[in-house]
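Visitor: Protein chains in written order, with my numbering: chain A, 7 to 205; chain B, 33 to 790; chain C, 2 to 326; chain D, 134 to 331.
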Amino acid sequence: MTFFWVLAIALIATAVFTVTQRSPVHSVVGLLANFVVLATLYLTLNAEFIFVMQIIVYAGAILVLFVFVISLLSAGTGPFSEGPNRMPRALVPAALVALTGFGFLIYGLARGPLGILPPHVATSHPGEVGQSGVFGSVADFGVALFSTHLLPFEITAFILMVAVIGVVVLAGDAALAPTRGHHVRRRTQEREAIVKAER
Amino acid sequence: MNGAPKEVTLTIDGTQLTVPEGTLLVEAAKRIKTDIPVYCYHPKLGPAGLCRICLVDVEKTPKLQIACNTTVGEGMVVHTYGPKVEDGRRAVLEFLLLNHPLDCPICDKGGECDLQDYSIAYGQGASRLADPKEIKPKAIDLGPTIVLDDERCIVCQRCTRFDEIITLEQSLVVKDRGQRDVIATATGTPYVSMFSGNVTELCPVGALTSKTYRFKSRPWDLNRSLTTCVQCSAGCAINVDERHGEVLRTMSVPGDDAVSEGWLCDRGRYNVGFYSDPRRLTSPLLRRDGEWVQLGWEDAIDLWARTLHEAVDSAGPKSLAALGGGRLTNEEAYLIGHVFRALGCENIDWRTGRQRQASPGPRGGTYADVESAQAIVLVGVPPAQTTPIMSLRIRKAVSQRGARMILVGDYALPIRVAHERVARPRDLASLDLDRYERIAFFWDGIDPRVGSELNEFAEGLAEGRKIFTYVTGETPNARGAEGMGLVPRSGGRDSVGMLAAARDGNLRSLAIFAANPVLHMPGGADSVRGAIENVPFVVTTELFMTPTAERSTLVLPARGPFEKSGHTFDVTGAVRVLRPGVAAPTGTLSDLEILIALASALGVDVPGPAALHRQAALHAPWVARGFGDPALFAEGELKAPRAGAKATGLRLVIAADLFSGGGTVYHDDRLGELRPLATAALSEHTAAVAEVHDGYLVDIVAAEGTLRGLVVRVAPNHVDGTVTILEGLPDAPASAFEGGQTVALANVRAARVPVGVA
Amino acid sequence: MPLWLFVVIKSALVLFVVVTTFAYAMLAERKVLAWMQLRPGPNRVGPWGLLQPAADAAKMLFKEDLTPATADSLIYRLAPWISMITAMGVFAVIPFSESSSGLWSIGDVNAGILFVFSLTSLGVYGISLAGWSSGSKFPLLGSLRSTAQMISYELAMTLSVVGVLILAGTTSLAGIVHAQNKLWFVIPQFLGFIIYVITAVAETNRAPFDLVEAETELVGGFHTEYSGLRFGLFFIAEYLNMITVSCIATLLFFGGWNPLFGLSVIPGIVWFVLKVGFVIFIYIWLRATLPRLRYDRLMAFGWQVLLPLATLNLMATAAIVAWKG
Amino acid sequence: MRTFIGAIVSLAQGFYTTFQFFFQKKPTIAYPSIKKQHAPRFHGLHELRRYADGKERCIGCELCAIACPANAITVIGAENTPEDRRSPGERYAARYEIDELRCIFCGLCEEACPTDAIVLTPRFEMSDYRRGSFIYAKDRLLVPPEAGVGTSPDERPNGIPSDLGSVLAQKSTVDIASGYSATWRGELLKTDRKGLAG
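1) What in chain D is Cβ-close to MET27(C), meaning under 7 Å?
2) Going by CA-CA distance only, name the one from SER137(C), GLY132(C), ARG45(C) and PHE118(C) that's closest to SER161(C).
3) Suppose you measure from the CA of ARG535(B) to the CA of VAL454(B); what does that come to, to the nearest Å?
4) Grouping DSSP H, G and I as helix and E and B as strand, with all else coil, what is PHE795(B)?
5) Roughly how many angstroms lie between the CA atoms of PHE159(A) and ALA67(A), to the nearest whole one?
6) If ILE810(B) and ALA435(B) are in contact, beta carbons under 8 Å, what's the gap, nearest whole angstrom?
7) Got a sec, what are the start and stop residues for the alpha helix (DSSP H) VAL402(B) sits in?
8) I want to know whether the segment 397 to 416 of chain B touches the segment 492 to 512 of chain B - three or more CB-CB distances under 8 Å.
9) Rounded to the nearest angstrom, what separates ALA311(C) and GLY193(C) at their Cα positions?
10) Based on the DSSP output, what are the partners of ASP731(B) in its beta bridges?
11) So what's GLY357(B) in DSSP terms, helix, strand or just coil?
12) Between which two residues does the beta strand (DSSP E) holding TRP475(B) run?
13) Does ALA289(C) have its Cβ less than 8 Å from a Cβ in chain D?
14) So if I threshold CB-CB distances at 8 Å, which residues from the segment 222 to 241 of chain D count as touching chain C?
15) Could you give the DSSP three-state label for GLY668(B): helix, strand or coil?
16) Would a check of beta-carbon distances place GLY331(D) closer than 8 Å to chain C?
17) Starting from the beta carbon of PRO247(D), find every residue of chain B whose beta carbon is closer than 8 Å, and list them in chain order.
18) Mapping DSSP to helix, strand and coil, what is PHE601(B)?
19) On the three-state DSSP scale, how would you describe THR47(B)?
20) Looking only at DSSP bridge pairs, what is GLN417(B) linked to?
21) Which residue comes first and which comes last in the beta strand (DSSP E) that contains PRO251(B)?
22) Report yes or no: do three or more beta-carbon pairs, one from the segment 578 to 585 of chain B and one from the segment 541 to 550 of chain B, lie closer than 8 Å?
23) Is there a Cβ from chain C that is less than 8 Å from the Cβ of PHE155(D)?
24) Can you give me the Cβ contacts of ASN791(B) inside the same chain, cut-off strictly under 8 Å, excluding the 5 residues immediately before and after it?
25) When the Cα atoms are used, what is the spatial distance from ILE114(C) to ALA163(D)?
26) Enumerate in chain order the residues of its own chain whose CB-to-CB distance from THR192(B) is below 8 Å, with the five nearest sequence positions on each side excluded.
27) Which chain D residues sit within Cβ distance under 9 Å of PRO3(C)?
28) Does ALA211(D) get closer than 8 Å to chain B when you measure Cβ to Cβ?
29) Could you check whether the Cβ of VAL31(A) sits closer than 8 Å to any Cβ belonging to chain C?
30) Which partner residues of MET283(B) appear in the DSSP bridge assignment?
31) With a threshold of 7 Å on Cβ separation, who are the neighbours of PRO673(B) within its own chain once the five nearest residues in sequence on each side are excluded?
32) Give the residues from the segment 67 to 78 of chain A that approach chain C closer than 9 Å (Cβ to any Cβ), ordered along the chain.
33) Does DSSP put TYR71(B) in a helix, in a strand, or in coil?
34) Hey, would you say PRO589(B) sits closer than 8 Å to GLU378(B), going by beta carbons?
35) For the segment 306 to 315 of chain B against the segment 241 to 258 of chain B, do three or more pairs of beta-carbon atoms, one drawn from each stretch, fall closer than 8 Å, so that the two count as touching?
36) Whose Cβ in chain C lies nearer than 7 Å to the Cβ of THR161(D)?
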């Protein structure tokens, strides 16, 4: 339990660090630490697969793109790091939103049953990891993903595919633009057309 | 001569061209971009026909002709190259090199030497001389600035002709004849001229070299940049040659025909050593309990701004004052007015010396107008000592066009030239000037009463004539300062009034920008010093710890003219551009940067750089025409001369000297002998009467006190019954004295001081 | 002995061994490279240059540590530690030999291979943040390259491993080794092995995929501005990563500690070390032989060749396993 | 397919080559313990020579500096005075500095020198711990007077000064601890750096 509190405090501290930094890269580092702490929290809940996925997908892939884009575009000297501090102005609405959310959370927790684990899944003990039927194991996760939750899984995949295509269309102007060879060809065609017309 | 000049058609190297009759072949060839080698010929000095390197082949003439002294003829066919021409040139070069030492590696000219270049182009590789070369004297000290190497001289006589035709000083001659001819002064005395440096540039070989540049560097080491010289108000274009952050030499700009015509005076040429002087200030200094404390720039500017705010809050804007700007660029001068007027301060003035006016009024003329004048009237200090390049134009007008020269006042001319002299401008009426159509008036801008008399007289003459007026004062950018509004308006005090207010304790803060009033303000050094010491907070921007800076509270290290960019107006009101030619020492800021920092600390908006430059150049036509705001030219009151002391009948004349001053000249070790001694100059007759001789030491006793230890100079051209002392010498401050009063010579000592600079 | 003390002792031991291995892997690399380039290599410090790592370490420790004026000092200091910690963390789950009682590994995680990948995927932060925070051009370019390269090759790497996982039916590293008792997966998964080796070289930024450092074009890339101990941390991290991927290759494709030719008298740990050494030798051999790739070729190769091949390998493996039941 | 196989084959060839070298005998000489005899005209550290009467040969003409492709030489000339006569002519080198870190030892300075003042000696071991100490000024370049008296440098074997020990000995006596500030070019570098930092 002590471990939980340490993690919980670290989690909140890194979250606060993330939103209070002026340099976007510092924010990203804060977020990274936040993800890692969160993943560790999953680990204490014996959800090893979620732990791994949290790190691979969020910390290892998505956040890397953040870093990439930030260093590529602004090299850290973007509008975020200059100008007046906008934190105080956002303080009241942000606090309102946070308090509301917190209220909902408390309400939900108070209403729902505390034993949230499905009855057929037992909590794992040391040495039992990796076996099916144990909470958080890869096997159970795979079964759940490809049987019970197949439709949402596929829909998510479809949505992501649409998003990818959308990104290519939006950002791919340069990629879809005519190449130099294209121009040459066009000029040749035009010249031929002119020659033809003059005849 | 009337009508268009006749045109002549000729062929040079197969190219047909048409040029005016009388054109020299070498000039005609330049039109088709053909360069004919020359040594003795110089476009400004004319042909001499001495060196014969310019041989060309003119068809139907039996022998090769010299291009520099052959005028074009109709149908002439000229070949500037070919075996015949090259044979001729090779022979000429063989003669020139006969006794010329082959010491190019140590010669200062090596790398930019015409003899070297043409030897490579036309010369023959080996010498056929069997006997030893003629040994001639080397490293002869020709004068305070020039060293002569006779072995290298090819006797092209450019230097002697420059001395004879351009400066009219006629001191350099060719001594002896034949193989033993050498360059020397006619009298055997040192070669002293305020234009002496030009002969080193004219010399096509390395015979004449500058003392300040000897063996310092090679031409290919130098980084050259083009800027404007602002040692005086002439506005000559100047090339700055820099190496390792040090200005090693300055060179004239051949294309600068509008102003300098390719000449430079010695002050502009040689007074550049101060840029790298170790005494340069490199950090803001604050005087605290009599000690100088180094200060960071931000702290210094903050302190200044805070003091200004406090002074305005407690004693109102009338307790502030700003002096200076006459040595700054237009941008800087404009910002001084802008920043201090934003505080409500009207006590702003540029007049920190004896000069009280810069604008010549509605009849301002150009450089070209001087040459066309039929009569030239010099009122007060002659331009030679204040704007030397202008005096070259005057000499040109007198010598080449026969203009009549009239001198008003007691000042001496530096050269022997036929002239008349009257005492005051109103006496000019007796001189029958109305028979001339074009008259140029030069005034030193010092005594406003003389100025108004001159104006009156000129107005009376103006009917049907071309009148050109010039104010050739000693302040470099006085016209820029006036044009940018650095004069008191609407109840503000002028510089004299400011000092009076300071003495009365009415000033809380005084800012002095690049000025040295302690040394230059009339009224006496002690009184100016006392006034400045009476102000609780004095800020000075300076390059060196000048007498004024020593008495300030805060001294800010500024940058010199070659270290910044900007615009200035020259003496004719035309815009000149300054560009940085050498890196400023770390820790200094230009006055512009200082003012911008001050403005931002004060919360005053300043125009951006583009607007500032527009502002600096916007007034140009306005100032050039001379139609200034009349309020700008309101004169401050000068004190009336007091009654003389015990008279032995000598009238005191305070003359400017090109090399006077306590700042850049005083801190330039390279200038050496060029810095003037404190002298008392007398005419031959006066000296005889007073029984003193050249080189004696005397004291001058005047009402304000005694000036001790002056060296007597007996010189021509001085008015009998006057004694002339030099203004602006830190060791013998003349600013304590009034010109025109009667003084006595005392304590004559027969201590002979070595003959130096006259 | 309480469990936690046991784990701490084992961790310390593993770290010591691993760091020593790093030191001598470095020496080995210099020696092997030198021999392949007809040079003797380091031979002045100690007999045959064996004390060279100690000399290097001493130099690294006492060298002046510079921080550029334009650097972001927080992240600049943080980045080498990210690299170092992620590189070391991997060894927490690597089993070095048969260990029914968990003796030969610090911890056996059921998602072991996934844990390895998750940590190596964090390693990119060390490099990209180092490059960004140095506040100069070449490091920034190096870090941008590294980010793009790591993301591109990580996909193919993961896919190349999935074939092994399908065959083994587990994500536990020990389980995978057990599955190779009869047949090493390098034979059924030869294509996967080739892809793994290539992508692993790229992931560890080693020649011929060392575009991140690329001395000739980027003067050292992401670590241009680093010196002293911080540079040393990057150096250690690079070699630890190399050892890691060699260990993984051994575990996944070469049967881990399974003996060769049935020589089970020799302990498993020896077999393991020998196999890892062999893979490391291949690494050095690659570096000695191949020139650096051009950046666009590298990216094209990753996306257009390796990724489709890895996908193909995965689908084929899955199909065969499904068909065979 | 053929190109694919070709690629594999050439790849294998490359690996075979490096593997072959792995076992071959290495031609390296163990340098500090075994020193190879260098060529008689080896281009090493510079030396400024003197005439037999002890006067400096260098006249400060800067031709070496302009000939130097690496821009490693800085010369600042000055004038001889009767009281302080350094070289036979009017001019001598007040400062003569070579940045041996920039120098590429091509010997063009030697070629350019009109008085044979600068020569390259066979010395090449000049490593040091400070950059500043690689800027060799006249105190280390100039042959000590006693080495120049009596023998004309031209009469030495191969035109190379035979006695280098004196230069070597001098190195330890010169105060190079101050590094940059000991030399003019070093001073410039220092101020430049200051400029960059400020």
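Idealized CB from N, CA, C, for every residue including glycine.
Guide: Result, derived from the coordinates:
1) Within 7 Å Cβ-Cβ: nothing; MET27(C) doesn't reach chain D, min ~18 Å.
2) PHE118(C)
3) 39 Å
4) Past the boundaries of the shown model lies residue 795(B); chain B is included only from 33 to 790, so the question cannot be answered.
5) 20 Å
6) The question about residue 810(B) has no answer, for chain B in this structure spans 33 to 790.
7) 399 to 404
8) Short answer: they touch.
9) 7 Å
10) ALA778(B)
11) coil
12) 470 to 475
13) For ALA289(C), the answer is yes, since a Cβ of chain D falls inside 8 Å of its Cβ.
14) Answer set for the segment 222 to 241 of chain D: empty.
15) Note on GLY668(B): pLDDT 30, under 50, position unreliable in the model; no value is reported.
16) Caution is warranted here: a pLDDT of 29 is assigned to GLY331(D), below 50, making its placement in the model unreliable, and no coordinate value can be reported.
17) PRO137
18) If DSSP states are grouped into helix, strand and coil, PHE601(B) belongs with the strands.
19) strand
20) GLN417(B) pairs with nothing; no bridge assigned.
21) Neither: PRO251(B) is in no beta strand (DSSP E) and is coded neither H nor E.
22) yes
23) Chain C, which has a Cβ nearer than 8 Å to the Cβ of PHE155(D), makes this yes.
24) Any property of residue 791(B) remains undetermined from this structure, which presents chain B solely from 33 to 790.
25) 47 Å
26) LEU204, VAL205, VAL206 and ILE215
27) Here the premise fails: no neighbours, minimum Cβ distance about 49 Å.
28) yes
29) yes
30) ASN271(B)
31) Note on PRO673(B): pLDDT 28, under 50, position unreliable in the model; the coordinate value appears next. Answer for PRO673(B): GLU770, GLY772 and GLN773, listed in chain order.
32) ALA67, LEU69, VAL70, LEU71, VAL73, PHE74, ILE76, SER77 and LEU78
33) coil
34) no
35) no
36) ARG40 and PRO41
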